[in-house]
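Novice: Residue numbers (my numbering): 62 to 341.
In this text, a Cβ means the ideal position worked out from N, Cα and C, and glycines have one as well.
What follows is a structure written as structure tokens; I'll ask about it next.
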């Protein structure tokens with residue numbers, strides 16, 4: 062199905078049944094406007110509009126490259142091949158600009174609607190767009206560090222020579238398969254999932270753990286009327302049936318419509334209609 066234009070939307074409480082796109086756009090806008098603490102949870106779909114591939118779709122990176130090349134074991138046993146693979150990924154970021162998703166979320170943060178961005182992406186585009194409160198669960202491809210002395214450097218050092226002045230190997234500051242998430246970032250993200258009253262998932266398949274356990278935590282809190290999970294994604298996710306709101310389509314298209322609706326609500330001075338009615 063061609064999903065480059067418009068959006069198919071549905072409500073998780075009605076089993077994903079198709080409803081009016083305009084009404085769901087309006088509902089998400091009023092939820093965002095009335096939220097006390099909205100947090101975004103983003104995946105690769107936030108960056109595909111910038112020209113970066115996702116990972117698990119039919120055209121995703123792991124369809125073209127063996128997933129084990131991004132593992133701790135592969136780095137330790139085949140360092141030269143590991144370096145070549147990650148050099149390509151770092152080079153691919155050069156000249157890449159933030160998408161509509163990145164820019165809109167940064168604007169919402171500046172306006173005070175969005176309190177944090179929890180991201181599975183390692184491209185740094187949220188920060189480049191101007192977001193300040195970014196929690197990169199899987200690291201940051203724009204920097205690297207020495208495995209011997211721990212010194213952190215820009216990724217250009219890894220591109221020119223993957224060895225530190227001390228003689229240790231450099232590696233990108235990303236979480237490889239077989240590694241744990243950075244404890245400090247994970248703790249902050251977990252606290253945001255406990256604190257938020259609205260989590261907006263954008264462009265994530267919600268299939269990668271432990272990251273996907275954060276939206277699951279919000280679903281459990283929703284059962285007590287404490288929060289709501291809203292999902293904006295091109296394809297179905299495992300949490301669609303449990304989410305309070307599902308908007309399916311191109312993330313940039315949908316967020317642009319929500320952003321326009323937020324502007325309309327602001328210009329009309331409309332009060333929040335449903336921001337606190339999480340179980341409506």
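1. Only counting runs of 3 or more residues, tell me where the beta strand (DSSP E) segments fall wholly within the stretch 186 to 260, in order along the chain.
2. With a threshold of 16 other CB atoms inside 10 Å of the CB of residue 187, please say whether the residue is buried or exposed.
3. Quick check: the stretch 135 to 145 against the stretch 308 to 320, are there 3 or more CB pairs under 8 angstroms?
4. Going by the CB atoms, is the gap between residue 109 and residue 180 shorter than 8 angstroms?
5. Once DSSP output is grouped into helix, strand and coil, what is the label at residue 311?
6. Using only CA atoms, which one of 131, 194, 295 lies nearest to residue 98?
7. Taking the beta carbon of residue 240 as the centre, do at least 16 other beta carbons fall within 10 Å, making it buried, or is it exposed?
8. Taking all protein chains shown into account, do 16 or more other C-beta atoms lie within 10 angstroms of the C-beta of residue 270, making it buried, or fewer, making it exposed?
9. Assign residue 105 to one of three DSSP states: helix, strand, or coil.
10. Given this structure, state the Cα-to-Cα distance separating residue 70 from residue 282, to the nearest angstrom.
11. Give me the DSSP bridge partner(s) of residue 291.
12. If you count every other CB in all the chains shown that lies within 10 Å of the CB of residue 321, and 16 or more means buried, which is it?
13. For residue 89, does the three-state DSSP call read helix, strand or coil?
14. Going by DSSP, which residues form a beta bridge with residue 165?
15. Can you tell me which residues form a DSSP beta bridge with residue 177?
16. Contact check, residue 249 vs residue 290 under 8 angstroms by CB: the rounded distance?
17. Can you give me the Cβ contacts of residue 227 inside the same chain, cut-off strictly under 8 angstroms, excluding the 5 residues immediately before and after it?
18. Since residue 149 is in the alpha helix (DSSP H), which residue starts that stretch and which ends it?
19. From what residue to what residue does the alpha helix (DSSP H) around residue 280 run?
20. With DSSP as the reference, identify every bridge partner of residue 132, one or two as the case may be.
21. Just verifying my parser: in three-state terms, what is the DSSP assignment at residue 301?
22. State the Cα-Cα distance for the pair residue 173 and residue 164, rounded to the nearest angstrom.
Specialist: In this structure, then:
1. For the beta strand (DSSP E) assignment, the uninterrupted runs of no fewer than 3 residues enclosed by the stretch 186 to 260 are, from N- to C-terminal side, 195 to 197, 200 to 207, 213 to 215, 231 to 235.
2. The residue in question, residue 187, is buried, as its Cβ has 16 or more Cβ neighbours within 10 Å.
3. Taking 8 angstroms as the limit for Cβ pairs, the verdict is that the stretch 308 to 320 does not touch the stretch 135 to 145.
4. Residue 180 places its beta carbon 8 angstroms or farther from that of residue 109.
5. DSSP places residue 311 in coil when its eight states are reduced to three.
6. 194
7. Exposed: under 16 other Cβ atoms inside 10 Å.
8. exposed
9. helix
10. In this prediction, residue 70 scores a pLDDT of 43, lower than 50, which makes its location untrustworthy; the coordinate-derived value is nonetheless stated afterwards. Residue 70 and residue 282 have their C-alpha atoms roughly 23 angstroms apart.
11. 261, 306
12. Here residue 321 is exposed: its Cβ has fewer than 16 other Cβ atoms, across all protein chains shown, within 10 Å.
13. helix
14. None, per the DSSP bridge assignment.
15. 100
16. Not a contact, Cβ separation roughly 19 angstroms.
17. 207, 209, 210, 212.
18. Residue 149 -> alpha helix (DSSP H) spans 140 to 153.
19. 274 to 283
20. Looking at the DSSP assignment, residue 132 forms a beta bridge with 238.
21. coil
22. 14 angstroms
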